[in-house]
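S.K.: Encoded as structure tokens, here's the structure I'll be asking about.
Protein chains: 4
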Amino acid sequence: MNFASDNAAAIAPPILAAIARANAGFALGYGNDDLTKTVERRLCELFEREVAVFLVATGTAANALAIAHLTLPWGAVLCHADSHIATDEAGAPEFFGGGLKLIDLPGEAGKLAPATIAAAIAGGRGAPHAVLPSVLSLTQATEAGTVYSNDAVRELSALAHRHGLAVHMDGARFGNALVHLGCTAAEATWKAGVDVLSFGATKAGALAAEAVVFFDPKRADGMASRRKRGGHLLSKHRFLAAQFDAYLHDDLWLALARHANAAAADLARRLDVAGLTPFWPVEANEVFVALPPDVDDRLKAAGAKYYLWPAEALPASYVLKAGHRPVRLVTSFATATEDIERFAALVSGA
Amino acid sequence: MNFASDNAAAIAPPILAAIARANAGFALGYGNDDLTKTVERRLCELFEREVAVFLVATGTAANALAIAHLTLPWGAVLCHADSHIATDEAGAPEFFGGGLKLIDLPGEAGKLAPATIAAAIAGGRGAPHAVLPSVLSLTQATEAGTVYSNDAVRELSALAHRHGLAVHMDGARFGNALVHLGCTAAEATWKAGVDVLSFGATKAGALAAEAVVFFDPKRADGMASRRKRGGHLLSKHRFLAAQFDAYLHDDLWLALARHANAAAADLARRLDVAGLTPFWPVEANEVFVALPPDVDDRLKAAGAKYYLWPAEALPASYVLKAGHRPVRLVTSFATATEDIERFAALVSGA
Amino acid sequence: MNFASDNAAAIAPPILAAIARANAGFALGYGNDDLTKTVERRLCELFEREVAVFLVATGTAANALAIAHLTLPWGAVLCHADSHIATDEAGAPEFFGGGLKLIDLPGEAGKLAPATIAAAIAGGRGAPHAVLPSVLSLTQATEAGTVYSNDAVRELSALAHRHGLAVHMDGARFGNALVHLGCTAAEATWKAGVDVLSFGATKAGALAAEAVVFFDPKRADGMASRRKRGGHLLSKHRFLAAQFDAYLHDDLWLALARHANAAAADLARRLDVAGLTPFWPVEANEVFVALPPDVDDRLKAAGAKYYLWPAEALPASYVLKAGHRPVRLVTSFATATEDIERFAALVSGA
Amino acid sequence: MNFASDNAAAIAPPILAAIARANAGFALGYGNDDLTKTVERRLCELFEREVAVFLVATGTAANALAIAHLTLPWGAVLCHADSHIATDEAGAPEFFGGGLKLIDLPGEAGKLAPATIAAAIAGGRGAPHAVLPSVLSLTQATEAGTVYSNDAVRELSALAHRHGLAVHMDGARFGNALVHLGCTAAEATWKAGVDVLSFGATKAGALAAEAVVFFDPKRADGMASRRKRGGHLLSKHRFLAAQFDAYLHDDLWLALARHANAAAADLARRLDVAGLTPFWPVEANEVFVALPPDVDDRLKAAGAKYYLWPAEALPASYVLKAGHRPVRLVTSFATATEDIERFAALVSGA
């Protein structure tokens with residue numbers, strides 16, 4: 326019963342198989358191999374346009390490199406206060422961006438509202454005294470397990486672009502979002518105004534593979550140097566490519582995300598039945614509930630794994646009962662139905 | 326009628342005279358001159374202990390160098406959301422600190438409250454995922470023209486130290502604060518827990534001179550290289566020293582600050598009489614009021630200079646009348662009584 | 326006939342098998358898994374002392390993180406002008422080190438001589454005007470395919486330590502060096518004065534795995550944050566650990582290196598017989614010769630892969646015949662005897 | 326007898342007088358005052374074109390800000406190994422440039438030769454593996470007290486531009502060079518291919534004032550933020566402007582430089598007569614000779630100030646007599662004839 330994180334899961338078997346398949350003979354290093362070219366082509370097809378692609382091994386690297394590339398060091402990045410870049414990357418965007426500033430903004434259910442963005446852009450004394458809002462970073466699916474509609478992304482992006490900001494999407498769980506949206510990858514990104522996507526595969530089933538995707542390839546000038554300089558150009562690059570190749574093949578990525586989302590929905594439904602209603606709509610692969618202390622103790626005793634969620638991140642309207650413990654439950658491609666059933670049964674006191 | 330900023334004032338005559346006096350013959354560069362040694366000694370006397378001193382030409386440099394020296398790049402600096410380092414230094418602390426993060430915190434009347442600091446320290450996922458709260462930066466006097474009591478500084482510093490944070494004080498208006506507090510410089514700083522002070526002279530009457538004062542000289546190891554590398558070691562350093570020498574001589578700095586504070590108090594009293602009550606206590610050299618539009622127009626037409634203040638920075642309890650314009654009025658050593666009288670008369674419609 | 330680089334080789338089968346074996350069930354992310362703990366223990370045993378270990382996916386990351394951790398930003402790093410950090414990492418050490426400076430030094434056969442180091446340390450105006458020599462970085466085996474004796478490392482390290490410099494060893498080909506030296510890993514590192522080792526596995530047969538090894542664990546304080554902030558903490562860390570676990574198991578790493586070194590020696594011998602004497606002693610897995618143009622053309626036509634080597638890097642005493650082309654030939658764990666034979670036969674004109 | 330450095334001199338009286346004159350009433354801060362506008366206009370006139378100007382207080386700031394603005398962080402800056410940026414700025418260009426790399430190059434008499442530059446550009450593995458040569462920085466007058474001819478600057482600049490490098494000129498002693506060249510400021514800079522000039526006034530007689538001059542104003546986009554963020558935007562900016570205004574007024578700067586150059590020529594002539602021939606042509610305000618030990622002792626005993634010069638910087642062809650001590654003698658606007666005469670007399674044993 327591991328609901329701690331989707332990165333506690335292992336490698337999806339077809340992706341491991343692809344690594345093994347790629348393990349034959351010699352290949353040019355540093356992305357000059359054929360498999361890398363194949364993946365680049367596949368991503369152009371998936372996004373229905375020419376894109377520039379940079380594969381890296383971690384989501385933090387993908388986000389930090391992408392954001393740093395979109396702004397000068399005196400730029401500010403507007404992001405949700407609970408976003409991964411704001412809370413969990415140890416200042417990687419600031420480091421890669423030469424000291425840029427993240428402006429951490431509030432927002433219900435992990436989402437930023439247009440008025441919040443507009444106010445953040447309007448604030449500040451302007452150059453040269455203040456940092457300049459330069460990037461809007463949206464997380465899709467959000468840290469609250471919710472998903473922006475394409476209309477919402479379009480509205481936020483248009484607002485950002487009107488003021489000269491570039492739009493970055495942290496898609497560590499992009500597959501989970503897309504399955505929820507039921508649209509094409511192009512519709513969920515550049516057609517809605519996204520300039521650069523951190524396209525995650527690791528949480529979804531890869532060993533360690535993320536793609537930074539520039540929808541305007543010219544904007545990627547110099548990114549190859551930035552990646553190398555960050556230590557993020559793998560020499561045996563074919564094995565990064567192999568992971569992405571398998572991930573995209575026959576829509577494996579959507580199948581994996583569908584499984585994770587369905588598991589979350591199933592879990593949420595069962596918890597709801599047991600009287601634990603999630604704080605936020607369950608739209609991707611995360612469920613947030615407040616556990617009564619005895620339930621929490623029982624689950625822990627039975628070996629269930631999950632993390633507490635900070636009470637101050639809860640919806641303003643939510644009334645947390647005394648002693649109850651807010652937790653985050655994450656499902657993945659590897660979540661088994663039995664684990665969900667067992668978890669729900671333990672909640673119900675069975 | 327210039328109330329735009331204390332740095333719109335010129336050089337206090339005794340300080341200019343000191344520069345002229347220092348302009349005789351040759352002197353070793355880079356701080357190896359006698360006048361620099363004299364200033365270092367004077368500062369030790371003023372603070373009643375051995376201190377390490379680094380003179381620079383701007384407040385931004387003083388703050389950024391000091392803060393960068395107190396934390397590793399993955400550190401976080403807790404500061405008021407309206408503080409100069411957060412809003413007006415174009416990301417200088419982030420740049421000098423290798424990408425450190427400022428945590429902008431709310432607080433009434435420009436001040437941080439212990440509970441706010443405690444919550445900020447408690448938040449975060451800890452290393453290696455999150456940046457680590459490493460510095461508390463207090464502004465004295467604050468951006469709201471108020472002054473922390475020594476007890477308040479002591480309480481906040483003790484809290485910071487208990488959690489391993491160093492305490493920095495942005496004293497761009499340290500003289501104004503000290504005059505209000507009526508205590509010694511030592512009492513207002515290290516005796517209350519401050520580790521490093523940005524001791525400002527520029528706003529108070531210097532041409533361009535600020536001192537970074539380390540109350541524990543060992544903590545300053547390497548600071549000479551950091552200053553030089555930032556381009557902040559003046560070659561003809563004697564002229565920086567001359568400014569500080571005159572500033573401290575015969576308590577000139579306190580006399581200058583006393584004048585500025587008295588001017589602010591006088592202005593506030595007259596505005597109050599005219600029905601414009603300042604939002605915040607007038608404890609240093611700044612007065613914040615909301616001007617009716619016709620008054621604002623009249624003042625502007627008469628050539629008065631001052632800046633609008635963002636409405637969102639007002640006290641939560643303050644009810645801003647429709648159309649009224651919040652403004653900041655700054656006095657200085659150079660503010661003339663006639664200007665205050667004329668300003669007040671214009672407010673009253675005379 | 327791929328002699329382009331050892332990173333053109335694939336994954337050694339036991340290492341791939343270990344990844345597959347680790348692919349079972351859930352595991353805590355970010356290095357909190359059991360396999361990571363096992364690897365840390367193994368490395369302590371291998372080096373016969375407590376060490377602090379940080380696994381990353383690239384050699385550039387290992388070097389840059391290690392070096393940045395050993396010096397303040399105003400430090401200088403003494404290194405060979407042909408070293409990987411100086412020529413092939415796109416400025417990664419400078420980036421991670423906040424703008425530190427590499428002092429590129431000459432040296433025969435890829436090696437630095439004590440007199441060169443001593444002169445570099447003695448040069449410079451000292452603080453605060455000049456950057457301060459803070460790290461000596463040695464490459465073992467060198468970029469010229471040679472190996473420092475332990476006595477040479479000891480002499481250079483002692484010299485560095487006497488002047489307060491830390492000693493870093495870039496061991497991207499540490500296994501190849503150790504096989505040549507025939508000593509223990511401890512003797513080749515900390516017993517000879519090395520403070521931090523970049524211990525490479527990628528070129529030697531891993532998918533992507535390098536270990537930064539601190540021989541004084543206290544020196545590693547904060548390194549976890551530095552790695553995370555650089556985007557180099559893999560979430561599914563067990564798969565990095567699995568590679569190292571297999572690499573070290575039953576001395577696989579030495580067996581792989583032995584094969585590569587033997588292949589290089591075999592190749593060198595055959596080339597020598599054919600009249601092509603290597604410029605530099607063949608002590609690890611690289612052979613440097615100057616190819617007559619017709620030989621080069623014939624090899625290329627037959628599909629052989631290798632890179633030109635810059636003529637200016639050749640030994641001062643070497644007389645390069647007109648038109649001859651200096652090349653680097655790299656062998657690996659995967660080099661087949663038939664390829665060596667065929668290559669040599671092509672050289673001989675067969 | 327102070328020949329230690331031109332920055333050991335004080336402030337030229339007309340410049341101090343200008344500061345005093347500017348000390349009247351209030352003025353907008355941060356460069357929004359009238360005097361700053363005047364200086365900007367004056368510099369456009371002097372350089373016979375629209376230029377973008379940024380005043381700062383130190384030469385290190387001017388150089389570091391200028392160079393950082395001309396290249397991305399993975400750029401390399403080609404410069405003379407003895408240049409100020411390479412040896413005396415504690416890594417400021419590297420810091421401001423986000424970790425850029427200086428390529429320190431040899432060259433006779435402080436000058437870089439075209440072949441050296443061409444080789445440096447041709448070397449390196451190219452992106453993304455190596456840093457990319459992006460800036461050529463020339464020092465005029467050089468650290469050896471020599472002056473590039475305009476033809477030489479033109480040839481080097483054309484070479485740089487052909488390969489996409491920008492050309493920076495460190496003109497800490499630009500006045501001294503111009504007086505030697507006898508041409509216009511435009512001819513010595515952009516007409517010869519210079520893109521950005523660090524135009525020094527401090528060594529020449531200012532308190533602390535340098536101008537970064539962009540000959541293509543568009544290239545300066547963002548520079549205002551970069552300066553502010555570096556802590557180099559003075560709040561009472563009128564006093565920086567006042568210095569430059571006086572410096573340029575009635576060609577004061579050329580008069581000051583003429584005095585310094587003439588003093589150096591006079592000193593060199595007298596030393597030559599006394600048997601001490603300078604190593605390098607005396608073309609600006611520096612004289613380099615090797616002092617016999619007894620002469621050095623006698624001068625020191627008489628209170629003469631000057632610095633030793635590293636023996637390894639001497640011309641390859643120069644034969645340094647055993648025990649003789651190479652020294653640098655710098656003259657300035659303030660050098661008195663009597664000091665030269667007395668120095669020469671002491672050399673002659675009088």
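Protein chains in written order, with my numbering: chain R, 326 to 675; chain V, 326 to 675; chain Y, 326 to 675; chain C, 326 to 675. Glycine included, each C-beta is placed from N, C-alpha and C at the ideal position. Computed from a prediction, not measured in an experiment: that's the story for all the values here.
#1: Who are the Cβ neighbours of residue 512/C in its own chain at under 7 Å, not counting the five residues just before and after it?
#2: So that I know if they touch, is there some Cβ in chain C lying closer than 8 Å to that of residue 677/R?
#3: With DSSP run on the structure shown, which of helix, strand or coil describes residue 598/C?
#4: Can you give, in chain order, each stretch of the alpha helix (DSSP H) that sits fully within the segment 416-482 of chain R and has at least 4 residues?
#5: When the Cα atoms are used, what is the spatial distance from residue 617/Y to residue 671/Y?
#6: In whole angstroms, what is the alpha-carbon distance linking residue 573/V and residue 535/V?
#7: Using a Cβ distance threshold of 8 Å, determine whether the segment 575-586 of chain C contacts the segment 655-663 of chain C, with at least three qualifying pairs required.
#8: Closer than 8 Å, CB to CB, is residue 611/R near chain V or not?
#9: Taking 8 Å as the cut-off, decide whether the C-beta atoms of residue 471/C and residue 608/C are in contact.
#10: Find the residues of chain Y that neighbour residue 501/R, judging by a C-beta separation of less than 7 Å, and give them in chain order.
#11: Using DSSP with H/G/I as helix, E/B as strand and the rest coil, what is residue 355/R?
#12: Closer than 8 Å by C-beta to residue 486/Y: which residues in its own chain qualify, once you throw out the five before and the five after it? Chain order, please.
#13: Please state the DSSP three-state secondary structure of residue 632/C.
#14: Under 8 Å Cβ to Cβ from residue 339/V, same chain only, skipping five residues before and after it: list those, please.
#15: Pull up the DSSP beta-bridge partners for residue 523/C, would you.
#16: Excluding the 5 residues flanking residue 456/Y on each side, which residues of the same chain have their C-beta closer than 6 Å to its C-beta?
#17: Between residue 412/V and chain R, is there a C-beta pair that is closer than 8 Å?
#18: Within 8 Å (strictly less), CB to CB, does residue 399/V reach chain Y?
#19: Taking 8 Å as the threshold (beta carbon to beta carbon), is residue 394/V in contact with chain R?
#20: When the cut-off is 8 Å and only beta carbons count, does residue 636/C lie next to chain Y?
#21: Consult DSSP for residue 668/C and reduce its assignment to one of helix, strand or coil.
#22: Per DSSP, which one or two residues make a beta bridge with residue 653/C?
#23: Straight-line CA distance for residue 611/C to residue 565/V?
#24: Could you say which of 439/Y, 606/Y and 336/Y lies nearest to residue 488/Y if we only look at CA atoms?
#25: Beta-carbon separation of residue 557/Y and residue 393/Y under 8 Å?
#26: Would you mind sorting residue 644/Y into buried or exposed? The rule is 16 or more other CB atoms within 10 Å of its CB.
#27: Is there contact here, the segment 416-423 of chain V with the segment 418-432 of chain R, by at least three beta-carbon pairs under 8 Å?
#28: Could you tell me the alpha carbon to alpha carbon distance between residue 469/C and residue 614/C, rounded to whole angstroms?
#29: Any idea what DSSP makes of residue 348/R, helix, strand or coil?
#30: Bridge partners for residue 377/C per DSSP, in chain order?
#31: With distances taken between CB atoms, is the gap from residue 680/Y to residue 396/Y smaller than 8 Å?
#32: With C-beta atoms as the reference, is residue 652/Y less than 8 Å away from residue 631/Y?
#33: For residue 458/R, would you say it is in contact with chain C, using Cβ-to-Cβ distances shorter than 8 Å as the test?
#34: Can you list, in chain order, the residues of its chain with a C-beta nearer than 6 Å to that of residue 380/Y? Leave out the 5 residues immediately preceding and following it.
#35: By the 8 Å beta-carbon criterion, what residues does the segment 549-561 of chain R contribute toward chain Y?
#36: Exposed or buried, what is residue 464/R when buried is set at 16 or more other beta-carbons lying within 10 Å of its beta-carbon?
M.R.: Let me spell this out:
#1: Only 475 meet the Cβ criterion.
#2: A query on residue 677/R cannot be resolved here, the shown segment of chain R reaching from 326 to 675 and no further.
#3: Three-state result, residue 598/C: helix.
#4: Qualifying alpha helix (DSSP H) stretches, in chain order: 417-421 and 439-447.
#5: The alpha-carbon separation between residue 617/Y and residue 671/Y amounts to approximately 12 Å.
#6: If you take the alpha carbons of residue 573/V and residue 535/V, they lie about 12 Å apart.
#7: Yes, since at least three Cβ pairs between the segment 575-586 of chain C and the segment 655-663 of chain C fall closer than 8 Å, the two stretches touch.
#8: No, no contact with chain V.
#9: The answer is yes: Cβ separation under 8 Å.
#10: The contacting residues do not exist; residue 501/R stays about 16 Å from chain Y at best.
#11: Residue 355/R sits in coil when the DSSP states are folded into three classes, being neither helix nor strand.
#12: Closer than 8 Å at Cβ, skipping near neighbours: 492 and 518.
#13: Strand.
#14: Excluding residues within five positions, the ones whose Cβ falls inside 8 Å are 571, 574 and 577.
#15: Residue 523/C is bridged by DSSP to 495/C and 537/C.
#16: Around residue 456/Y: 399, 401 and 426.
#17: Closer than 8 Å to some Cβ of chain R, the Cβ of residue 412/V qualifies, so yes.
#18: Closer than 8 Å: yes.
#19: Chain R, which has no Cβ nearer than 8 Å to the Cβ of residue 394/V, makes this no.
#20: Not an interface residue.
#21: The DSSP-derived three-state label of residue 668/C is helix.
#22: According to DSSP, residue 653/C bridges with 613/C and 632/C.
#23: In a straight line, the C-alpha of residue 611/C is about 27 Å away from that of residue 565/V.
#24: It is 439/Y whose Cα lies nearest to the Cα of residue 488/Y.
#25: Taking C-beta atoms as the reference points, residue 557/Y and residue 393/Y fail to come closer than 8 Å.
#26: Residue environment analysis places residue 644/Y among the exposed positions, since fewer than 16 neighbouring C-beta atoms fall within 10 angstroms of its C-beta.
#27: These segments touch.
#28: So the alpha carbons of these two residues sit roughly 11 Å apart.
#29: Here residue 348/R sits in coil by DSSP.
#30: Looking at the DSSP assignment, residue 377/C forms a beta bridge with 539/C.
#31: Residue coverage of chain Y in this structure runs from 326 to 675, which leaves residue 680/Y outside it and unanswerable.
#32: Taking 8 Å as the Cβ cut-off, residue 652/Y and residue 631/Y qualify as a contacting pair.
#33: By the rule that beta-carbons nearer than 8 Å mark a contact, residue 458/R does not touch chain C.
#34: Here the set comprises 536 and 565.
#35: Residues of the segment 549-561 of chain R with a C-beta less than 8 Å from any C-beta of chain Y: 550, 553, 554, 555, 556, 557, 558, 559, 560 and 561, listed in chain order.
#36: Classification for residue 464/R: buried.
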